[in-house]
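Step one of this worksheet: look at the structure below.
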Amino acid sequence: MSETRLIEVRRNVFKKNDLLARELRARYRDAGTRVISLVSSPGSGKTAFLERTLTELRGRFRVAALVGDLATDNDAARLARTQVPVKQITTGTVCHLDAEMVQDALEEWTLSDLDFLFIENVGNLVCPSSYDLGESLRAVLMSVTEGEDKPRKYPTIFHSADVAIITKIDLADAVEFDRAAARASIEAVRPGMKVLEVSARTGAGMPEWLAEIER
Amino acid sequence: MHELSIAVSIVDAVCEELQRRGDPRLIAVHLTMGALSGVVKESLLFAYDAACEGTPLAGTQLVIEETPGEEFLVTALEIEDERDAAD
Ligand SMILES: Nc1nc2c(ncn2[C@@H]2O[C@H](COP(=O)(O)OP(=O)(O)OP(=O)(O)O)[C@@H](O)[C@H]2O)c(=O)[nH]1
Ligand SMILES: [Mg+2]
Numbered sequence: 012m013s014e015t016r017l018i019e020v021r022r023n024v025f026k027k028n029d030l031l032a033r034e035l036r037a038r039y040r041d042a043g044t045r046v047i048s049l050v051s052s053p054g055s056g057k058t059a060f061l062e063r064t065l066t067e068l069r070g071r072f073r074v075a076a077l078v079g080d081l082a083t084d085n086d087a088a089r090l091a092r093t094q095v096p097v098k099q100i101t102t103g104t105v106c107h108l109d110a111e112m113v114q115d116a117l118e119e120w121t122l123s124d125l126d127f128l129f130i131e132n133v134g135n136l137v138c139p140s141s142y143d144l145g146e147s148l149r150a151v152l153m154s155v156t157e158g159e160d161k162p163r164k165y166p167t168i169f170h171s172a173d174v175a176i177i178t179k180i181d182l183a184d185a186v187e188f189d190r191a192a193a194r195a196s197i198e199a200v201r202p203g204m205k206v207l208e209v210s211a212r213t214g215a216g217m218p219e220w221l222a223e224i225e226r
Numbered sequence: 004m005h006e007l008s009i010a011v012s013i014v015d016a017v018c019e020e021l022q023r024r025g026d027p028r029l030i031a032v033h034l035t036m037g038a039l040s041g042v043v044k045e046s047l048l049f050a051y052d053a054a055c056e057g058t059p060l061a062g063t064q065l066v067i068e069e070t071p072g073e074e075f076l077v078t079a080l081e082i083e084d085e086r087d088a089a090d
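For the protein sequence lines, the chains are G and Z, in the order given.
The numbering of the first sequence is the working numbering, which starts it at 12 and goes up by one.
The numbering of the second sequence is the working numbering, which starts it at 4 and goes up by one.
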């Protein structure tokens, strides 16, 4: 019978993605491209918000978008109507985008031709939190219809994000959205986090969002 | 499916560590998993066996220690002790 022995390694498992994300971040910086990603649960309004954002920016800046989806290119088709370059990343069974998928998708584009690159992640409040895409800003969206306690239920994704965006604010009254409770929930997991309230339908809150990203 | 891709990352990382150490015979991988890492222990254990198949890690065990933080790391490799194996 042979004995066993422990060797200490202390190795971060997400290292491969982290390294690649770091490379991407350096590339974005050198090219002068501001990269902004959107994460949320399915249907919180990422694509609608992005359609509006792309439309408002397109006259003044060079913008493009990547969008992740398990199986369809529906969102890419919607975004392409804004007439900016759009590319779909179909992930198959994978529930998140990772840095390698983003790198591959960017192959045919010249980053220095872009002022802004938006990345819509797969609709999922869990998996994307572990995968850095090298973005300079990560926005987590939650709609007024999905419950004020989302941040407390899914703290990790809020930890990984830089700004929280409450979407579909035009529906707030209809669903008796409790603004204070939602903000308290965000504040509880991420004290001091910037919170914006927007509607892709009416355009409410868009000036504040654009001011935030054009800084 | 998230856990499967994490399990594959673990296998990749461990394969590299083993190679750097002259390919000792692996018994178990020890992992520290923070509660905020967003990973489900049971799913990961299940995915680990699948990810190990056909690799030098096949048949090895994954030992998970849960902690409160966000960390997620392979802390140690349990290997067969060469000195005894040579006996
Ligand atoms: N009233 C209202 N409806 C909205 C708003 N934004 C999105 N919606 C609706 O919400 C639904 C989902 O919106 P999407 O933009 O497809 O959401 P998504 O987050 O991109 O969804 P996935 O990509 O499938 O995760 C659609 O029916 C939209 O029309 C909004 O600001 N107000
Ligand atoms: Mg969408």
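For each residue, glycine too, the CB sits at the ideal point set by N, CA and C.
Everything numeric in this text was worked out from a predicted model, so none of it was measured.
Item                                                                                                                                   : Value
Chain Z contact for G:Ile100 (CB, 8 angstroms cutoff)                                                                                  : no
Cβ-Cβ separation, G:Ser13 to Z:Glu83 (assumed contact under 8 angstroms), whole Å                                                      : 5 angstroms
Closer than 8 angstroms to chain Z by CB, G:Phe25                                                                                      : yes
Cα-Cα separation, G:Thr101 to G:Leu30                                                                                                  : 23 angstroms
The stretch 76 to 88 of chain G in contact with the stretch 185 to 201 of chain G per 3-pair CB rule at 8 angstroms                    : no
Buried versus exposed call for G:Gly203 [16 or more other C-beta atoms within 10 Å across all chains shown]                            : exposed
CB contact check: Z:Ala88 to chain G, cutoff 8 angstroms                                                                               : Residue confidence is low: Z:Ala88 scores 48 on pLDDT, short of 50, so the model does not pin down where it sits. Its coordinate-derived value is still stated next. Output row for Z:Ala88: interface = yes.
Inter-residue CB distance, G:Val133 and G:Ile168 (contact presumed, cutoff 8 angstroms)                                                : That belief does not hold up - the Cβ atoms of G:Val133 and G:Ile168 are roughly 12 angstroms apart, past 8 angstroms.
Same chain only: Cβ atoms within 6 angstroms of Z:Met4, ignoring 5 sequence neighbours per side                                        : With a pLDDT of 48 at Z:Met4, under the threshold of 50, the modelled position of this residue cannot be trusted; read the value that follows with caution. Here the set comprises nothing.
Any chain Z beta carbon closer than 8 angstroms to G:Arg22                                                                             : yes
Spatially closest choice to G:Ala222 from G:Phe25, G:Asp143, G:Glu67, by CA coordinates                                                : G:Glu67
Cα-Cα separation between G:Ala91 and G:Ile130, rounded to whole angstroms                                                              : 14 angstroms
Close-in-space but distant-in-sequence residues of the same chain around G:Arg40 (CB under 7 angstroms, 5 per side omitted)            : none
Neighbouring residues (CB closer than 6 angstroms to any heavy atom of ligand 2)                                                       : G:Lys57, G:Thr58, G:Asp86, G:Glu131
Cross-chain neighbours of Z:Ala79 in chain G, by beta carbon under 9 angstroms                                                         : Leu17, Ile18, Glu19, Val20, Arg21
Beta-carbon spacing of G:Ala199, G:Thr178 below 8 angstroms                                                                            : no
Cβ neighbour criterion (16 or more within 10 Å) applied to G:Glu118                                                                    : exposed
Cβ-heavy atom distance, G:Thr64 to ligand 1, below 7 angstroms                                                                         : no
Chain-order list of residues whose beta-carbon lies under 7 angstroms from that of G:Ser154 (same chain, five-residue window excluded) : Ser55, Gly56, Thr178, Lys179
Ranges of the alpha helix (DSSP H) found wholly within the stretch 64 to 151 of chain G, counting only runs of at least 4              : 85 to 91, 110 to 116
Identity of the residues DSSP links to Z:His33 by a beta bridge                                                                        : Z:Val66, Z:Ala79
From Z:Ser40, Z:Val17, Z:Ala61, residue whose alpha carbon lies closest to that of G:Tyr142                                            : Z:Ser40
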